[in-house]
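Counted the way our numbering counts, the sequence shown spans residues 68 to 580.
The beta carbon of each residue, even a glycine, is placed where N, CA and C say it ideally should be.
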Amino acid sequence: MGSHLVEPGSVLDDRYVVEDLLAQEGQSESWRARDRILARSVVLHILPSSSAHATELIACGKRASRVADPRVLQVFDAIDDGELSYLVREWATGQSLDLILADGPLSARKATWLMREVAAAVVKAHRTGLPHGRLVPDAVVLTEFSGVKIMGLGTSLPLRGNQLPGDPELADTVALGRLLYACLTVRWPGGSLGRLPAAPTEHGRLLRPRQVRAGVPRSLDAVCDRVLTDHSRYGEPITSAVEFKAQLTEILTEEGVATNPGVNFIATPSVAVGSTALRAPGVMPRDTDGPVTGEQPIYADSPATDESPLRRTLFWSVVLMLVVGAVLLAYLVGQQGAGAQGRAPAPSSNSSGSNQSATPPKTIAIQAADDFDPQGVDGENSDLVPLAIDDDPTTAWKTVLYENNPELGGLKSGVGLLLDLGQLEQVSDVKVGLGGDGTSLELRAAPPAFAAGPSSAVEDYEVVGSVELAGDRAEFALDKPVRTRFLLVWLTSLPSESADTYQGRVSDIEVLG
68 MGSHLVEPGS VLDDRYVVED LLAQEGQSES WRARDRILAR SVVLHILPSS SAHATELIAC
128 GKRASRVADP RVLQVFDAID DGELSYLVRE WATGQSLDLI LADGPLSARK ATWLMREVAA
188 AVVKAHRTGL PHGRLVPDAV VLTEFSGVKI MGLGTSLPLR GNQLPGDPEL ADTVALGRLL
248 YACLTVRWPG GSLGRLPAAP TEHGRLLRPR QVRAGVPRSL DAVCDRVLTD HSRYGEPITS
308 AVEFKAQLTE ILTEEGVATN PGVNFIATPS VAVGSTALRA PGVMPRDTDG PVTGEQPIYA
368 DSPATDESPL RRTLFWSVVL MLVVGAVLLA YLVGQQGAGA QGRAPAPSSN SSGSNQSATP
428 PKTIAIQAAD DFDPQGVDGE NSDLVPLAID DDPTTAWKTV LYENNPELGG LKSGVGLLLD
488 LGQLEQVSDV KVGLGGDGTS LELRAAPPAF AAGPSSAVED YEVVGSVELA GDRAEFALDK
548 PVRTRFLLVW LTSLPSESAD TYQGRVSDIE VLG
């Protein structure tokens, strides 16, 4: 077999056609392969069956396959054919965190959003009894539009020939703190790691993020300190992923947080997760205003820049001219009104100066959209998504075909379209064009805490309206406007396409506020 465990063109399990080597470390190799039954790319993580860690790899892979979270790269299968032991894993594209940090630290808002997503996935894994074991920057990936993916859940250590620590869940919690510290400072606590230099210490004690980089909010400084030191100045230690996630959620939902509209998504080319050449930028919330400094809320608007005396003088001169002009205009209009009183019709008895006509709703532009398929693998015709927001009702995004059951073949609770409004908006009405009779759907909205970036979990979106068995259109006229940046049009039952097949369509979407 040459110098590698497999070669391009090899076929494993009469199904997986080996294509490209992604990584090699010790006895383990990672390859991109083609699943010729399902016609999709996958990743193979391979050890020789003779390896002392082969049995552990297969066992961990089977446990990892039971963790159902869209933020975790899914393990499809764990196979030992007597010669090779290997995992078949979901293929994804994006950019790993270690490469993102090579460009410098993240802003507070990015770091908080990112690490809350990572923590949420770790919490779910811990509830199934599976720790990660190796939460480091190259295990966290930013994918196109939909957020975060975690690689190597429970499987990275056996692939590298390492053992879990004595308290693996506590070790994962400490790793979450280290990742947050690295996002804020581009330093790694406990020693250098890859491209990241070691975090500085003083008299053997780790310096807090605020001591390393100016402008780190005290709230995030406190979280890092409570995770990474035994005697924090901020309070009791944080010893679980549940508590870590709760602290970041509280920061995200504080008054004044996530209200700044100056955050958007940058969709750019990306490359395969697991590749040794992850170079193209992925998707990340981008701050359009300056870095957070001092004790501002982490999403506060940037302070106004100082103005020169000349600029202030010009400003007040312009204001004075506008005021004088407004007074003169009001006088002239008043004179014209007085001269026309004799010609004007008398007001009707039911008219009143206070009875103004209602302000018509405004159309809110959809800045971006993507298919949302957290329980799937290959997505739902993502290339057709632009057809749902092109203002052309004759074109449509379609789901894939499902068989035997209108409720997505009994395979999923739903699929849909995730809409990015670009900033927090007050949404009062959403109109959706559909195809065929019999679509059941929900309108869901992300809470303001997710203004920095969308969640990958459907349960994080609040149901604000639902329609059962709609015709060719569905309207969600909300009793109370909802303040959100991300809307989810979530299809739960699909119309019949042909005998025993079902497919949903969305031809156009109008958002009003």
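Buried or exposed (CB count within 10 angstroms, at least 16 for buried), residue i
i, result
"residue 391", "Because the pLDDT of residue 391 is 49, which lies under 50, any placement of that residue in the model is unreliable, and the question is left without a value."
"residue 300", "exposed"
"residue 530", "exposed"
"residue 120", "buried"
"residue 520", "buried"
"residue 104", "exposed"
"residue 546", "exposed"
"residue 559", "buried"
"residue 511", "buried"
"residue 478", "exposed"
CA-to-CA distance, residue j to residue i, given in whole angstroms
i, j, result
"residue 174", "residue 148", "47 angstroms"
"residue 160", "residue 73", "23 angstroms"
"residue 146", "residue 111", "10 angstroms"
"residue 101", "residue 113", "15 angstroms"
"residue 473", "residue 459", "26 angstroms"
"residue 221", "residue 141", "12 angstroms"
"residue 470", "residue 482", "15 angstroms"
"residue 347", "residue 135", "The pLDDT assigned to residue 347 is 29, lower than 50, so where the model puts this residue is not dependable; a value taken from the coordinates is nonetheless given after this. Each residue's Cα considered, the two are about 28 angstroms apart."
"residue 641", "residue 454", "The shown model of the chain, from 68 to 580, leaves out residue 641, and the question about it has no answer."
"residue 497", "residue 553", "13 angstroms"
"residue 180", "residue 239", "18 angstroms"
"residue 196", "residue 317", "26 angstroms"
"residue 272", "residue 89", "38 angstroms"
"residue 107", "residue 268", "48 angstroms"
"residue 567", "residue 434", "36 angstroms"
"residue 563", "residue 536", "11 angstroms"
"residue 168", "residue 257", "18 angstroms"
"residue 437", "residue 526", "18 angstroms"
"residue 508", "residue 476", "16 angstroms"
"residue 480", "residue 467", "14 angstroms"
"residue 452", "residue 176", "28 angstroms"
"residue 517", "residue 486", "13 angstroms"
"residue 365", "residue 548", "Interpretation of residue 365 is limited by its pLDDT of 34, a score under 50 that renders its predicted location unreliable; the figure taken from the coordinates is listed afterwards. Those two C-alpha atoms are separated by around 26 angstroms."
"residue 93", "residue 513", "44 angstroms"
"residue 265", "residue 259", "4 angstroms"
"residue 303", "residue 270", "22 angstroms"
Contact under 8 angstroms by Cβ, residue i with residue j
i, j, result
"residue 572", "residue 501", "yes"
"residue 309", "residue 190", "yes"
"residue 237", "residue 296", "no"
"residue 182", "residue 315", "yes"
"residue 523", "residue 138", "yes"
"residue 123", "residue 143", "no"
"residue 178", "residue 250", "yes"
"residue 224", "residue 186", "no"
"residue 45", "residue 209", "The structure shown does not extend to residue 45, since the chain is modelled only from 68 through 580, so no value can be given for it."
"residue 484", "residue 528", "no"
"residue 165", "residue 204", "yes"
"residue 462", "residue 565", "no"
"residue 79", "residue 153", "yes"
"residue 275", "residue 263", "no"
"residue 504", "residue 532", "no"
"residue 150", "residue 95", "no"
Start-to-end residues for the alpha helix (DSSP H) that takes in residue i
i, result
"residue 73", "Looking at the DSSP string, residue 73 is not in any alpha helix (DSSP H), and its letter there is neither H nor E."
"residue 189", "175-194"
"residue 517", "Here residue 517 belongs to no alpha helix (DSSP H), and DSSP marks it neither H nor E."
"residue 245", "235-252"
"residue 312", "308-319"
"residue 134", "Neither: residue 134 is in no alpha helix (DSSP H) and is coded neither H nor E."
"residue 165", "164-168"
Residue i, enclosing beta strand (DSSP E) - first and last residue
i, result
"residue 292", "Counting along the chain, residue 292 falls outside any beta strand (DSSP E), though it belongs to the alpha helix (DSSP H) covering 285-295."
"residue 130", "Here residue 130 belongs to no beta strand (DSSP E); instead the alpha helix (DSSP H) covers 121-131."
"residue 223", "No beta strand (DSSP E) holds residue 223; the alpha helix (DSSP H) holding it covers 223-227."
"residue 154", "151-157"
"residue 278", "From DSSP, residue 278 is part of no beta strand (DSSP E) but of the alpha helix (DSSP H) over 276-279."
"residue 25", "Any answer about residue 25 is impossible in this case: the structure gives the chain only from 68 up to 580."
"residue 91", "83-92"
"residue 266", "Careful: residue 266 lies outside any beta strand (DSSP E) and carries neither H nor E."
"residue 303", "Premise fails: residue 303 is in no beta strand (DSSP E) and is neither H nor E."
"residue 210", "207-210"
"residue 115", "107-115"
"residue 490", "482-501"
"residue 260", "Per DSSP, residue 260 belongs to no beta strand (DSSP E) and is neither H nor E."
Residue i CB to nearest heavy atom of the ligand MN below 7 angstroms
i, result
"residue 455", "Because no ligand of any kind appears in the structure shown, any question about the ligand MN cannot be addressed here."
Checklist line | Continuous beta strand (DSSP E) assignments of at least 3 residues falling wholly in the segment 523-554 | finding: Here the runs fully enclosed are 529-537.
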